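J.: Numbering (the working numbering), first residue to last: 290 to 559.
Even for Gly, the Cβ is constructed at its ideal location relative to N, Cα and C.
Just so it is clear, the structure is predicted and the values come from calculations on it, not from any experiment.
Quick one: structure below, then a few questions.
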DNA sequence: CTTACCGCCTGTCGGC
DNA sequence: TGCCGACAGGCGGTAA
């Protein structure tokens, strides 16, 4: 399950491999991803050069000299940089093949991921409404405090809203709220300035920690070179419902919010 | 405008 | 042992 740290790790790993590479072909085996993959893509991409690779939210941005590919890994997607003599498997939906005999292979069993081509990624429908990056200076305690005023939704729902701040999935929302001692169900409009300060700091902390750990949030994620990351991030609450709180020892509670599993400590988080 | 809910998918897991 | 339903959940679209 690629969260922002996995996407960031993927970008860092692929950057030196594919930047400056010349595209030879794009081979599409299954166009039925989250959004149907454009059938024009193969034609468009022939002989284009990758000028840079970056990330916006959980999208990988492949810059082709002012044209762009937007790639999302969805729930189960991954990218690997491989030699072109390795046969694709069942869930390998497309290959971006380079002149040097290597390729970028997209694998995604659940097909929640996507790939789009655009000349103007900033105004692309998937990008234009996104809020600030959580690790940027724009995402600070004042921003979160102000934008949470008057909001009836739970604070957990708010920080998972990509119009408010991008890249915070269910796992890191639970972890950051635990770290900042805020109950997930607390109404956004009720968070204090101190809450906002603690939560922003916690979000940056857990994301940065996971990136430093090599982006390995969950069991089956592999980096583009097939390495499993350096070590797993120890999750404090996610997936630990009914287990002991690592701060106070009491029993962690698991509830559902917006149909998502939500774990917190009723004692530590208020 | 905000909020709540739907649907897309398949591998994994627990229960019988 | 094998079947089957529940679950996992990012996120845009839609309706209220």
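If you count every other CB in all the chains shown that lies within 10 Å of the CB of residue 378, and 16 or more means buried, which is it?
T.: Per the 10 Å Cβ criterion, exposed.
J.: Any heavy atom of the ligand FAD inside 8 Å of the beta-carbon of residue 391?
T.: By its list of ligands, the structure shown contains no ligand whatsoever, and the ligand FAD lies outside what it can speak to.
J.: Can you tell me which of 380, 549, 432, 536 puts its alpha carbon nearest to the alpha carbon of residue 367?
T.: For the residues 380, 549, 432, 536, the minimum Cα distance to residue 367 belongs to 380.
J.: In whole angstroms, what is the alpha-carbon distance linking residue 425 and residue 459?
T.: Going by the C-alpha atoms only, they are around 20 Å apart.
J.: Going by other Cβ atoms of all chains shown within 10 Å of its Cβ, with 16 needed for buried, is residue 399 buried or exposed?
T.: Classification for residue 399: exposed.
J.: Could you tell me which whole alpha helix (DSSP H) segments of length 4 or greater appear in the stretch 430-512?
T.: Fully enclosed alpha helix (DSSP H) runs of 4 or longer: 430-437, 444-448, 459-468, 482-501.
J.: From 539, 330, 362, 450, pick the residue whose C-alpha is nearest to that of residue 403; which is it?
T.: Of the candidates 539, 330, 362, 450, the one whose C-alpha sits nearest the C-alpha of residue 403 is 362.
J.: Where does residue 374 sit, in a helix, a strand or coil, going by DSSP?
T.: Correct three-state label for residue 374: coil.
J.: Can you list, in chain order, the residues of its chain whose CB lies under 7 Å from that of residue 407, leaving out five sequence neighbours each side?
T.: So the qualifying residues of the chain are 357, 359, 413.
J.: Where does residue 326 fall in DSSP's three states?
T.: Note: residue 326 maps to coil in three-state DSSP.
J.: Which runs of the alpha helix (DSSP H) fall wholly inside the stretch 333-385 and span at least 4 residues, in chain order?
T.: List check, alpha helix (DSSP H) in window: nothing returned.
J.: Where do the N-terminal and C-terminal ends of the beta strand (DSSP E) with residue 552 fall, by residue?
T.: Where residue 552 is concerned, the enclosing beta strand (DSSP E) stretches over 549-553.
J.: Between which residues of its own chain and residue 318 is the CB-CB distance below 6 Å, once the five residues before and five after are set aside?
T.: Closer than 6 Å at Cβ, skipping near neighbours: 382.
J.: Under a Cβ-count criterion, where at least 16 other Cβ atoms within 10 Å of its own Cβ denotes burial, should residue 386 be classed as buried or exposed?
T.: Residue 386 is buried by the Cβ-count criterion.
J.: Would you kindly work out how many angstroms separate the C-alpha atoms of residue 309 and residue 315, rounded to a whole number?
T.: In a straight line, the C-alpha of residue 309 is about 16 Å away from that of residue 315.
J.: Measure the C-alpha to C-alpha separation of residue 484 and residue 556 and round it to an integer number of angstroms.
T.: Their Cα atoms are separated by approximately 16 Å.
J.: How close, in whole Å, do the beta carbons of residue 342 and residue 373 come, if the pair is a contact with beta carbons under 8 Å?
T.: About 19 Å; that fails the 8 Å criterion.
J.: Using DSSP's beta-bridge definition, name the partner residues of residue 391.
T.: Paired residues: 372.
J.: Using a threshold of 9 Å, state whether the C-beta atoms of residue 436 and residue 453 are closer than that.
T.: In contact: residue 436 and residue 453 (Cβ atoms closer than 9 Å).
J.: By the 10 Å Cβ neighbour count, where 16 or more other Cβ atoms means buried, how is residue 299 classified, buried or exposed?
T.: It counts as buried.
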